[in-house]
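The structure under discussion appears below in the form of structure tokens.
Residue numbers (the numbering used here): 44 to 192.
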């Protein structure tokens with residue numbers, strides 16, 4: 044079994060909860076899908092589409108669901124890419140350790156009716172620009188794994 048890289052800083056004064064999560068790498072015309080997230084009273088940031096795995100879901104089912112909810116895109120998992128974990132403080136102030144699985148995706152269709160997260164906006168970026176702006180190092184690392192494959 045290989046070691047999973049751990050990103051982020053674990054602060055001693057916080058109790059981090061494990062959060063299984065799944066994220067996707069989707070490329071169209073040489074650009075990668077990202078979401079720009081805007082929360083009240085906070086600067087906007089970029090993430091790979093994806094998020095928490097609900098009870099009873101597989102990572103593959105979760106990334107397809109999360110991708111649709113955040114972007115309005117219907118996708119399918121082509122292959123597993125990598126694993127990476129990330130300590131972070133969520134927007135509600137909860138400390139998490141995202142136990143992330145990352146997947147290469149194929150675009151099936153655009154369906155704006157699937158999008159339910161109003162604070163997420165789909166953007167297409169050059170992968171090298173995405174490496175620079177992604178909020179979490181684990182996501183940038185996973186994208187770098189994809190670039191090198």
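All C-beta atoms, glycine included, are put in the ideal place defined by N, C-alpha and C. Keep in mind it's a predicted model, so treat the numbers as computed, not measured.
Can you tell me which of the three DSSP states residue i falls into?
{"i": "residue 75", "result": "strand"}
{"i": "residue 205", "result": "Because residue 205 is not part of the residues shown, which for the chain are 44 to 192, the question remains open."}
{"i": "residue 180", "result": "helix"}
{"i": "residue 54", "result": "coil"}
{"i": "residue 127", "result": "strand"}
{"i": "residue 65", "result": "strand"}
Label residue i either buried or exposed according to how many other C-beta atoms from any shown protein chain fall within 10 Å of its C-beta, with 16 as the threshold for buried.
{"i": "residue 101", "result": "exposed"}
{"i": "residue 135", "result": "exposed"}
{"i": "residue 73", "result": "exposed"}
{"i": "residue 96", "result": "buried"}
{"i": "residue 92", "result": "buried"}
{"i": "residue 75", "result": "buried"}
{"i": "residue 209", "result": "Residue 209 falls outside the range modelled here, since the chain spans only 44 to 192, and no answer is possible."}
{"i": "residue 171", "result": "exposed"}
{"i": "residue 99", "result": "exposed"}
Taking the C-alpha atoms as reference points, what is the distance between residue i and residue j?
{"i": "residue 141", "j": "residue 62", "result": "5 Å"}
{"i": "residue 168", "j": "residue 190", "result": "14 Å"}
{"i": "residue 154", "j": "residue 110", "result": "11 Å"}
{"i": "residue 173", "j": "residue 181", "result": "13 Å"}
{"i": "residue 52", "j": "residue 59", "result": "11 Å"}
{"i": "residue 150", "j": "residue 56", "result": "42 Å"}
Since residue i contacts residue j with CB under 8 Å, what's their CB separation in whole angstroms?
{"i": "residue 113", "j": "residue 78", "result": "5 Å"}
{"i": "residue 127", "j": "residue 185", "result": "6 Å"}
{"i": "residue 68", "j": "residue 148", "result": "7 Å"}
{"i": "residue 90", "j": "residue 175", "result": "Not a contact, Cβ separation roughly 14 Å."}
Looking at the strands, I want to know which residues DSSP matches up with residue i.
{"i": "residue 120", "result": "148"}
{"i": "residue 132", "result": "138"}
{"i": "residue 165", "result": "78"}
{"i": "residue 70", "result": "75"}
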